[in-house]
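Position one of the sequence shown corresponds to residue 1 (the UniProt record's numbering), numbered consecutively onward. Every residue gets a Cβ at the ideal spot worked out from N, C-alpha and C, and that includes glycine. Fair warning: this is a prediction, and the values are worked out from it, not measured in the lab. Just below is one structure, and these are the notes that go with it.
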Amino acid sequence: MAPAWRRLGFYVSFLKSQLNGGPDLISGGRSVIPGCARGIYSATGKWTREYTLQTRKDVEKWWHQRIKEQASTVSEADKSKPKFYVLSMFPYPSGKLHMGHVRVYTISDTIARFQKMRGMQVINPMGWDAFGLPAENAAIERNLHPESWTQSNIKHMREQLDRLGLCFSWDREITTCSPDYYKWTQHLFVKLYEAGLAYQKEALVNWDPVDQTVLANEQVDEHGCSWRSGAKVEQKYLRQWFIKTTAYAKAMQDALADLPEWYGIKGMQAHWIGDCVGCHLDFTLKVDGQVTGEKLTAYTATPEAIYGTSHVAISPSHRLLHGHSCLKETFRKALVPGQDCLTPVMAVNMLTQQEAPVVILAKADLEGSLDSKIGIPSTSPEDASLAQTLGLPYSEVIETLPDGTERLCSSAEFTGMNRQDAFLALTQKARRKRVGGHVTSDKLKDWLVSRQRYWGTPIPMVHCPACGPVPVPLQGLPVTLPHITSFTGKGGSPLATASDWVNCACPRCRGAAKRETDTMDTFVDSAWYYFRYTDPQNAHSPFSAALADYWMPVDLYIGGKEHAVMHLFYARFFSHFCHDQKMVTHREPFRKLLAQGLIKGQTFRLPYGPYLQREEVDLTGPVPVHAKTKEPLEVTWEKMSKSKHNGVDPQEVVERYGIDTIRLYILFAAPPEKDVLWDAKSDALPGVLRWQQRLWALVTRFIEARASGAAPEPPLLSREDRAAARRLWEHKNSVISEVTACFTDDFSLNAAISQLMGLSSALLQASPRVVLHSPEFEDALCALMVMAAPMAPHITSELWAGLAQVPRKLCAHYAWDAGVLLQAWPAVDPQFLQEPDVVEMAVLINNKACGKVPVPQRVARDQDKVHELILQSELGVRLLQGRSIKKAFLSPRTALINFLVQD
Numbered sequence: 001m002a003p004a005w006r007r008l009g010f011y012v013s014f015l016k017s018q019l020n021g022g023p024d025l026i027s028g029g030r031s032v033i034p035g036c037a038r039g040i041y042s043a044t045g046k047w048t049r050e051y052t053l054q055t056r057k058d059v060e061k062w063w064h065q066r067i068k069e070q071a072s073t074v075s076e077a078d079k080s081k082p083k084f085y086v087l088s089m090f091p092y093p094s095g096k097l098h099m100g101h102v103r104v105y106t107i108s109d110t111i112a113r114f115q116k117m118r119g120m121q122v123i124n125p126m127g128w129d130a131f132g133l134p135a136e137n138a139a140i141e142r143n144l145h146p147e148s149w150t151q152s153n154i155k156h157m158r159e160q161l162d163r164l165g166l167c168f169s170w171d172r173e174i175t176t177c178s179p180d181y182y183k184w185t186q187h188l189f190v191k192l193y194e195a196g197l198a199y200q201k202e203a204l205v206n207w208d209p210v211d212q213t214v215l216a217n218e219q220v221d222e223h224g225c226s227w228r229s230g231a232k233v234e235q236k237y238l239r240q241w242f243i244k245t246t247a248y249a250k251a252m253q254d255a256l257a258d259l260p261e262w263y264g265i266k267g268m269q270a271h272w273i274g275d276c277v278g279c280h281l282d283f284t285l286k287v288d289g290q291v292t293g294e295k296l297t298a299y300t301a302t303p304e305a306i307y308g309t310s311h312v313a314i315s316p317s318h319r320l321l322h323g324h325s326c327l328k329e330t331f332r333k334a335l336v337p338g339q340d341c342l343t344p345v346m347a348v349n350m351l352t353q354q355e356a357p358v359v360i361l362a363k364a365d366l367e368g369s370l371d372s373k374i375g376i377p378s379t380s381p382e383d384a385s386l387a388q389t390l391g392l393p394y395s396e397v398i399e400t401l402p403d404g405t406e407r408l409c410s411s412a413e414f415t416g417m418n419r420q421d422a423f424l425a426l427t428q429k430a431r432r433k434r435v436g437g438h439v440t441s442d443k444l445k446d447w448l449v450s451r452q453r454y455w456g457t458p459i460p461m462v463h464c465p466a467c468g469p470v471p472v473p474l475q476g477l478p479v480t481l482p483h484i485t486s487f488t489g490k491g492g493s494p495l496a497t498a499s500d501w502v503n504c505a506c507p508r509c510r511g512a513a514k515r516e517t518d519t520m521d522t523f524v525d526s527a528w529y530y531f532r533y534t535d536p537q538n539a540h541s542p543f544s545a546a547l548a549d550y551w552m553p554v555d556l557y558i559g560g561k562e563h564a565v566m567h568l569f570y571a572r573f574f575s576h577f578c579h580d581q582k583m584v585t586h587r588e589p590f591r592k593l594l595a596q597g598l599i600k601g602q603t604f605r606l607p608y609g610p611y612l613q614r615e616e617v618d619l620t621g622p623v624p625v626h627a628k629t630k631e632p633l634e635v636t637w638e639k640m641s642k643s644k645h646n647g648v649d650p651q652e653v654v655e656r657y658g659i660d661t662i663r664l665y666i667l668f669a670a671p672p673e674k675d676v677l678w679d680a681k682s683d684a685l686p687g688v689l690r691w692q693q694r695l696w697a698l699v700t701r702f703i704e705a706r707a708s709g710a711a712p713e714p715p716l717l718s719r720e721d722r723a724a725a726r727r728l729w730e731h732k733n734s735v736i737s738e739v740t741a742c743f744t745d746d747f748s749l750n751a752a753i754s755q756l757m758g759l760s761s762a763l764l765q766a767s768p769r770v771v772l773h774s775p776e777f778e779d780a781l782c783a784l785m786v787m788a789a790p791m792a793p794h795i796t797s798e799l800w801a802g803l804a805q806v807p808r809k810l811c812a813h814y815a816w817d818a819g820v821l822l823q824a825w826p827a828v829d830p831q832f833l834q835e836p837d838v839v840e841m842a843v844l845i846n847n848k849a850c851g852k853v854p855v856p857q858r859v860a861r862d863q864d865k866v867h868e869l870i871l872q873s874e875l876g877v878r879l880l881q882g883r884s885i886k887k888a889f890l891s892p893r894t895a896l897i898n899f900l901v902q903d
């Protein structure tokens, strides 16, 4: 094998110079190589004291590709390593990254690097949520095909991600508009259909009467008009495809209890699902004893009492009165507005075969989001009153025993059961017969997945006059999109214009049939992508069960709060479904969720006026005013957008400050779940710039000390020096413990940076003798660089290269022939764990440091006890006795308490 230095090209210049007598590591603080431009040590073999913008650029230019090459491809062969799957929500390829992208991907990149350094086998994949309305709109506006527009945007955004130094597992890249991907989206849809969980029914859509097309909600303006034609949008009933997400409502609600807290997201999921206390049951409809072919699904909160049904109620806005039902006129004739109306239509319960009349209720809205419900007088006084008013017969099916227990009577095979057992038995029987019975809430609706658009996954169904809807056989997938150039979709989906594609043979009878021309909601594409990342090249199935079981569940899922309800719900639904299909072992797809906050920019506008561009704003005075009129402006912080003129181009920011500075700013400005107010004048940006300069100064000082000619000799340290070194050792171990917890527990990376800043300050205060002779200083400095590396990989790689070449090192446990990102994450020294549980609590008075007081570790997080101990200490007696303490703040992360006192 080649020697280590030959495998690491960044040491070549140093070793060449050593053959000629060794490098001059320090040369007046700057590189002085004849004929060479000033540069960094890795490129020149000369160390520079100055850390300027040019230094940052040189460092990042040199290390950018080298760091990429260090991120080796992950192989599933090494099962000896524990795995870590970090996933950031993939972007829509709009063609341009925004600062929200930079934030989420910086967080995932940082945590992925950390977990690799801990010895984990890590994947941090990236892909593209590439179907959808924006690309189709762009195609119409620019006379382009959506595919060419999308692919060019993907190319550009991937280059942007690369320029930001983000190291994704690109060998796992997926694109949802690729037939290799959407073949398996269609496969899963067919599986849902075969399981009775995908179905078609009439539903309301937005209809443009001019363009004769269906519009998504986003295409209807605030005045209810079409974005394209300007026409007033109409509500129209069309047959739409649904996925029966209500089938898993109870399982998904119950599973939330076993998940760790998700920063309030679990509560949002629970609220979205609702209280799962009842179920829907299916009915066929009859008129004058004749079966009509129409079906009706209605909800009841007490399915165990179903044999006591008196009627089935529908709202006046129900599709049976407004859609294309053959019973529409029958219902309309029976309707008297403002009254509860008995109709001649009978509903036959498909489970019990009992008949009950359909009633149109006077009130427009039922409970939750319902438009139909089963009337059971035994369990509802409201239903009993309606039945008595309309003279409807019914049976009492619940009797109360002397001990208060309720049981069923007059309920066929369920008679004699208590209500709880009857509920379970009846709903199980209904599910087995596929006539409803899935326990759900009265507010959750099934997922409408039909979209009358071109740029989406084709729904793999064929409509046959003889066979009805027939799924495309799995061997016939993918059903690929035809290449069309007109996307106006007059009369319905744009796919309907491709007659050669629409007309096909029925897969079952081989007769003439037509393809489904609706495409799927893009949320379907993103509801299972985390599975595909585990096995992205699989040509035989969506993913291998063995690989999915190895990588799943996702250890950390990172994304915006705006996706914390619908997307997360749909993704959880697909995972539960795949589990029941024996495709994967785990039910829940995500172990921990980090919903990061927004990056907001400052906006300026005149009262009730449009948003102003920065050049229209005068910022020279105490308050912003309009540059022309000098009128005061409304100033707010809002999500960055072009329309509000408050966006920031990530590339411009990188050019100005450097990659590492932006990474550190994003991580340090706020905890990940909080919003960041983007303001380059804030303390955060100068703070991280100063910290990088301190890191550079620390390494420079160490290199100078070791290059001075004096050999490090720990025995030469005085008692005071040894005590100082001991404090550094304790500080280092405390920081390792705290920073590791920040990365693994609550992902408060801002607190991690604060800890490292504190360690940097302690090292800067060390005496020259401690710097030269102390193993503790050297070890703490090296640990600092290793812990900072996931957050600032470029500067720490350069600093590590400098440290690696320092002669006569005292710490042999680092892999000095490898880069900093390939080092093992520092561990707390075992001896430190055996030390007395005492921490040095820093005491501030009115924000000014006044000293430290030792307090027991077990009470270091208890503000009242720390407060009391400080007041009893010598420092407290001297500085706080007799003064009025307004408030005391105990830091949640660092050993620090701040007393605000009134003099």
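Where residue i falls, given that 16 or more other Cβ within 10 Å makes a residue buried
{"i": "S499", "result": "exposed"}
{"i": "L285", "result": "buried"}
{"i": "H483", "result": "exposed"}
{"i": "K333", "result": "exposed"}
{"i": "A885", "result": "Sequence check: residue 885 is Ile here, not Ala. Looking at its Cβ environment, which holds fewer than 16 other Cβ atoms inside 10 Å, I885 is exposed."}
{"i": "C509", "result": "exposed"}
{"i": "K16", "result": "Because K16 sits at a pLDDT of 34, beneath the cut-off of 50, its placement in the model cannot be relied upon, and the point is left open."}
{"i": "Y814", "result": "buried"}
Alpha-carbon to alpha-carbon, residue j and residue i
{"i": "V104", "j": "G559", "result": "6 Å"}
{"i": "G29", "j": "A783", "result": "Confidence at G29 is low in this model, with a pLDDT of 37, below 50, so its placement is unreliable and the value that follows should be read with caution. Answer to the nearest angstrom: the Cα atoms are 25 Å apart."}
{"i": "L749", "j": "M120", "result": "19 Å"}
{"i": "P826", "j": "G437", "result": "55 Å"}
{"i": "T522", "j": "Y182", "result": "11 Å"}
{"i": "K191", "j": "R228", "result": "37 Å"}
{"i": "T585", "j": "F131", "result": "29 Å"}
{"i": "T517", "j": "L664", "result": "49 Å"}
{"i": "D829", "j": "P768", "result": "25 Å"}
{"i": "I376", "j": "K328", "result": "25 Å"}
{"i": "T175", "j": "T185", "result": "12 Å"}
{"i": "M461", "j": "L401", "result": "53 Å"}
{"i": "H318", "j": "S372", "result": "8 Å"}
{"i": "I273", "j": "S575", "result": "16 Å"}
{"i": "D675", "j": "K600", "result": "7 Å"}
{"i": "G416", "j": "E355", "result": "23 Å"}
{"i": "D862", "j": "Q881", "result": "21 Å"}
Inter-residue CB distance, residue i and residue j (contact presumed, cutoff 8 Å)
{"i": "Q339", "j": "A362", "result": "5 Å"}
{"i": "W128", "j": "P93", "result": "5 Å"}
{"i": "V866", "j": "V877", "result": "With 8 Å as the limit, V866 and V877 do not qualify as a contact, their Cβ atoms being about 16 Å apart."}
{"i": "L370", "j": "A430", "result": "Rounded, the Cβ-Cβ distance is 18 Å, inconsistent with contact."}
{"i": "L716", "j": "A725", "result": "Rounded, the Cβ-Cβ distance is 12 Å, inconsistent with contact."}
### Task
Could you name each continuous beta strand (DSSP E) segment of 3 residues or more that falls completely within the segment 840 to 899, going from the start of the chain to the end?
848 to 856, 884 to 890
### Message
List, from N- to C-terminal side, the alpha helix (DSSP H) runs of 4 residues or more that fit wholly inside the segment 355 to 398.
### Response
381 to 390
### Query
Can you list, in chain order, the stretches of the beta strand (DSSP E) that have 3 or more residues and sit fully within the UniProt domain "Aminoacyl-tRNA synthetase class Ia" (443 to 600)?
461 to 464, 468 to 471, 503 to 505, 512 to 515, 554 to 560, 590 to 596
### Query
Mind pulling the alpha helix (DSSP H) runs of 4 or more residues that sit fully within the segment 132 to 210?
133 to 142, 146 to 163, 179 to 194
#### Entry: At least three beta-carbon pairs within less than 8 Å, the segment 235 to 246 to the segment 311 to 330
yes
### Cβ pair count under 8 Å reaching 3, the segment 203 to 222 against the segment 124 to 131
no
### Inter-stretch contact (C-beta, 8 Å, three-pair minimum) for the segment 274 to 291 and the segment 434 to 449
With a cut-off of 8 Å, the segment 434 to 449 and the segment 274 to 291 count as touching, because enough Cβ pairs lie within range.
### Touching by the beta-carbon criterion (3+ pairs, under 8 Å), the segment 608 to 621 and the segment 653 to 670
no
### Meets three-Cβ-pair contact criterion under 8 Å: the segment 79 to 91 and the segment 810 to 823
Not touching, per the Cβ criterion.
### Query
Would you call the segment 695 to 706 and the segment 753 to 768 touching, i.e. three or more CB-CB distances under 8 Å?
yes
### Query
Counting pairs of Cβ atoms below 8 Å between the segment 411 to 420 and the segment 294 to 314, do you hit three or more?
yes
### Query
Between the segment 545 to 565 and the segment 577 to 596, do three or more beta carbon pairs fall short of 8 Å?
yes
### Task
Ignoring anything shorter than 3 residues or poking outside the segment 317 to 358, list the beta strand (DSSP E) runs there in chain order.
341 to 349
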